[in-house]
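> In the working numbering, the protein residues as written are 296 to 457. One structure, pasted below without further comment.
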């Protein structure tokens, strides 16, 4: 993938919209394109939070795994989306396991380089973190909808009994 193609991929991701051309070039320069086969584990819950990703193509399943229950998909991340907010929020460990649903290409973005760019360029840092917050808000809303689908009737009946 050429530098200009990589910049265009990054530019389309929500958390990088409105970023200066210079900062987009810096992000692209720190990125490394990787490819995974279907059903590959990209990272595991509890791993050190050192890398974020942009999905170039494919789909990544985000799963929570628990002894006795196995792994359960809680979300999916698709082409053009940011993956890996834990590293940029400076969490030490990842909170989910990421597996590919199909052959997938990603841009790896090292935590330290992204955070250093946020420090050097406050305008970039503000726009980027605002985009991360919006992404998290969408995912939180999706999780709420999943809970509503699971427990909606119970919540309604328990509200009516008080």
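Note that CB positions come from ideal geometry on N, CA and C, so glycine has one too.
Name the two residues that bound the continuous alpha helix (DSSP H) containing residue 381.
To locate residue 381, count along the chain shown from 1; it is residue 86. Segment 380-383, the alpha helix (DSSP H) holding residue 381.
> With respect to the alpha helix (DSSP H) encompassing residue 369, which residues constitute its N-terminal and C-terminal limits?
As a first step, residue 369 must be located in the chain shown, where it is residue number 74. Residue 369 -> not in any alpha helix (DSSP H); beta strand (DSSP E) instead, spanning 365-373.
> Quick one: is residue 378 buried, meaning 16 or more other Cβ sit within 10 Å of its Cβ, or exposed?
Position 83 of the chain shown, counted from the start, is the residue given in the question as residue 378. The residue in question, residue 378, is buried, as its Cβ has 16 or more Cβ neighbours within 10 Å.
> Does the count of Cβ pairs from the region 400-416 and the region 319-332 closer than 8 Å reach three?
The region 400-416, when compared against the region 319-332, does touch it at the 8 Å Cβ threshold.
> Identify the residues that DSSP records as bridge partners of residue 343: which are they?
Within the chain shown, numbered from 1, the residue matching residue 343 stands at position 48. Paired residues: 388.
> Please classify residue 333 as buried or exposed, where buried requires at least 16 neighbouring CB atoms within 10 angstroms.
Locating residue 333 in the chain shown gives position 38, counting from the first residue. So residue 333 counts as exposed.
> Could you tell me if residue 344 is buried or exposed, where buried requires 16 or more neighbouring beta carbons within 10 angstroms of its beta carbon?
Mapped onto the chain shown, residue 344 falls at position 49. That one is buried.
> Which residue comes first and which comes last in the beta strand (DSSP E) that contains residue 356?
On the chain shown, residue 356 is found 61 positions in, with the first residue counted as 1. Residue 356 -> beta strand (DSSP E) spans 354-361.
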